[in-house]
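Structure first, then comments.
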Amino acid sequence: MKFLTKHQYPLFYSVALMVVACSTGCSNTALTNERLDPVTSVTVRYSEHPLVFFRPVSGRSTFAKDYVNLAPVEINRSGDHQYYIWLGISMADGDATARDEFESVIVSADDMELQLVIKTWTTMAIGASQPIYSKPFSTAVDAYYEVSVEQLQLLAEATELRLHTGGGDRLTFEPWNRQERSKAALMEFVTGPTY
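Mapped onto the working numbering, the consecutive letters of the sequence shown carry residue numbers 8 to 202.
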């Protein structure tokens, strides 16, 4: 059996501290995050992995698609909690089409339909001075729909999700792929961090 010499102790403790620091930092696998808004002083909680939906655009190139990112938002004003669904909308026909079609949306969660009406097109109107999510494309439009925790729970527990616009064309958006991390992030948002 070998023992450390007195000259090896500092190296041993340095390595031990690095292992502990890395294991602590690396084990933080939270799928949601929060930050204090520097201007409005509200706490904003959000998902690290939005869900992605798409639809092919007929009459355009083979690869042309409209995209919608969907994620939850919590605004906490000193214990007064408000919840929203954020949509990052990127339409091939531009933002005017997005605003017309997305005044209301219907989210199909398995055999249930959740109808949402636009609350605002800006983050400032919900109490945040900075964008909460990155837009899927620079030309994308932000939209916020007020929801309850129970409605978010319904979405988090659903096996299949689809998005339909409430505008005249009732466009249907399908999930991009299975998106396990995005679904797990939505569930963590509803139930709390799991780390």
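We put the beta carbon where it would ideally sit given N, CA and C, even for glycine. This structure is a prediction, so every number in the text was calculated from the model and none was measured.
key: Which residues DSSP lists as bridging A150, in chain order   = Counting from 1 along the sequence shown, the entry for residue 150 is found at position 143. L94.
request  = Provide the residue span of the beta strand (DSSP E) that contains A192, from first to last.
outcome  = Reading the sequence shown from its first residue, position 185 is the one you call residue 192. Taken as a continuous stretch (DSSP letters only), A192 belongs to no beta strand (DSSP E), being part of the alpha helix (DSSP H) at E187 to T198.
ask   = Is I133 helix, strand or coil by DSSP?
value = By 1-based counting over the sequence shown, the position of residue 133 is 126. In the structure shown, I133 sits in a helix (DSSP, three-state: H, G or I).
ask   = Whose C-alpha, out of L159, D176, R42 and H88, is nearest the C-alpha of E120?
value = On the sequence shown, residue 120 is found 113 positions in, with the first residue counted as 1. With distances taken between Cα atoms, E120 lies closest to L159.
key: Bounding residues of the alpha helix (DSSP H) (the contiguous stretch that carries L162)   = Within the sequence shown, the letter at position 155 stands for residue 162. Per DSSP, L162 belongs to the alpha helix (DSSP H) from V156 to E164.
request  = Quick one: measure Cβ to Cβ for Y74 and E81, integer angstroms, because I've assumed they're closer than 8 angstroms.
outcome  = Along the sequence shown, read from residue 1 onward, the residue named residue 74 stands at position 67. Along the sequence shown, read from residue 1 onward, the residue named residue 81 stands at position 74. Going by Cβ atoms, the distance from Y74 to E81 rounds to 24 angstroms, so no, they are not a contact pair.
task = Helix, strand or coil for R177, going by three-state DSSP, please let me know.
result = In the sequence shown, the residue the question calls residue 177 occupies position 170. Three-state result, R177: coil.
ask   = Just reading off the beta strand (DSSP E) that F61 is part of, what are its end residues?
value = Stepping through the sequence shown from its first residue, residue 61 is reached at position 54. Here the beta strand (DSSP E) through F61 covers L58 to P63.
request  = Whole angstroms is fine: what's the gap from L161's alpha carbon to T129's?
outcome  = For the purposes of this step, residue 161 is taken as the residue at position 154 of the sequence shown. For the purposes of this step, residue 129 is taken as the residue at position 122 of the sequence shown. Pairing L161 with T129, the inter-Cα distance amounts to about 25 angstroms.
request  = Name, in chain order, the residues that DSSP records as bridge partners for S115.
outcome  = Translated into positions along the sequence shown, residue 115 becomes position 108. Paired residues: E120 and R169.
ask   = What is the DSSP secondary structure of T127, counted as helix, strand or coil?
value = Position 120 of the sequence shown, counted from the first residue, corresponds to residue 127. Of the three classes helix, strand and coil, the one that applies to T127 here is strand, per DSSP.
message = Measuring alpha carbon to alpha carbon, tell me which residue in N76, R52 and H56 is nearest E181.
response = Working through the sequence shown from its first residue, we reach residue 181 at position 174. Measuring from the Cα of E181, the nearest candidate turns out to be N76.
message = For S141, tell me which candidate among K190, S97, K72 and S85 has the shortest Cα-Cα distance.
response = Translated into the one-based positions of the sequence shown, residue 141 becomes position 134. Measuring from the Cα of S141, the nearest candidate turns out to be S97.
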